[in-house]
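The opening residue of the sequence shown carries number 0 in numbering that gives the first Met the number 0; numbering runs sequentially from there.
Every residue, glycine too, gets a C-beta built ideally from N, C-alpha and C.
In this text the structure is predicted, and so the values were computed from the model without any measurement.
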Amino acid sequence: MLRQFASKFTPKRLCLVADRSLAIRKAAASILNDLRFQVTEAETGHEAITKYEQYRPDAVLLDRAMAEADGFAFLRALTEKIPARAPKIILCTADRDAVHIARAIGAGADEYLVKPFDRATLTAKFEKLGFTA
Numbered sequence: 000m001l002r003q004f005a006s007k008f009t010p011k012r013l014c015l016v017a018d019r020s021l022a023i024r025k026a027a028a029s030i031l032n033d034l035r036f037q038v039t040e041a042e043t044g045h046e047a048i049t050k051y052e053q054y055r056p057d058a059v060l061l062d063r064a065m066a067e068a069d070g071f072a073f074l075r076a077l078t079e080k081i082p083a084r085a086p087k088i089i090l091c092t093a094d095r096d097a098v099h100i101a102r103a104i105g106a107g108a109d110e111y112l113v114k115p116f117d118r119a120t121l122t123a124k125f126e127k128l129g130f131t132a
């Protein structure tokens with residue numbers, strides 16, 4: 000009971016969900032809300048970069064294949080202006096190729112998530128990065 004009471008007053012963290020698919024953004028936002036995240040969304044790479052600079056989120060769920068600038072362009076832009084406290088980044092794609100996974104991690108992503116994902120998988124990725132409900 001005390002934990003439930005305390006969790007109501009625990010400040011939420013912020014996650015930027017950047018994905019070209021509205022359905023993915025909404026599904027991820029629902030799951031992340033349960034993990035005590037406030038969520039801001041972006042549909043394109045340029046919008047994601049702008050929202051990152053504006054909000055400085057704690058975490059980013061990043062689509063690899065967005066319009067205007069893909070996930071790798073976002074990672075490059077981020078490394079050019081890395082803040083003292085960089086966010087945890089999960090790159091999300093339908094591609095299961097190990098080469099792409101290695102490229103994502105090498106480019107600065109902390110984790111890699113294959114679409115479609117479910118609640119348990121997304122939750123496990125965020126918990127692995129230290130975010131618990």
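How would you write the range of the alpha helix (DSSP H) that residue i sits in, first residue to last?
i, result
"K127", "118-127"
"A47", "44-54"
"E110", "Where E110 is concerned, there is no enclosing alpha helix (DSSP H), although the beta strand (DSSP E) it sits in stretches over 110-113."
"T78", "70-79"
"G105", "97-106"
Among the options, which has the Cα closest to the Cα of residue i?
i, options, result
"K87", "K114, A101, F130", "F130"
"Y51", "D18, L77, C91", "L77"
"A106", "D94, F73, A97", "F73"
"Q53", "L13, K25, I100, D62", "L13"
"D109", "L61, G44, A17", "L61"
"E67", "A132, K25, A47", "A47"
List the residues that DSSP assigns as beta-bridge partners of residue i.
i, result
"V59", "L15, I88"
Can you name, in chain order, every residue of its own chain whose Cβ lies under 8 Å from the Cβ of residue i, other than the five neighbours on each side?
i, result
"K210", "The structure shown has nothing for residue 210, since the chain only spans 0 to 132."
"R63", "D69, G70, F71, L90, C91, T92, D94, H99, A103"
"L128", "A58, K87, I89, D109, E110"
From what residue to what residue does the beta strand (DSSP E) around residue i run?
i, result
"T39", "36-41"
In chain order, what residues of the same chain lie with their CB nearer than 6 Å to the CB of residue i, ignoring the 5 residues before and after it?
i, result
"Q37", "K11, L13"
"F125", "L34"
"L213", "Nothing can be reported for residue 213: it is not among the residues displayed for the chain, which extend from 0 to 132."
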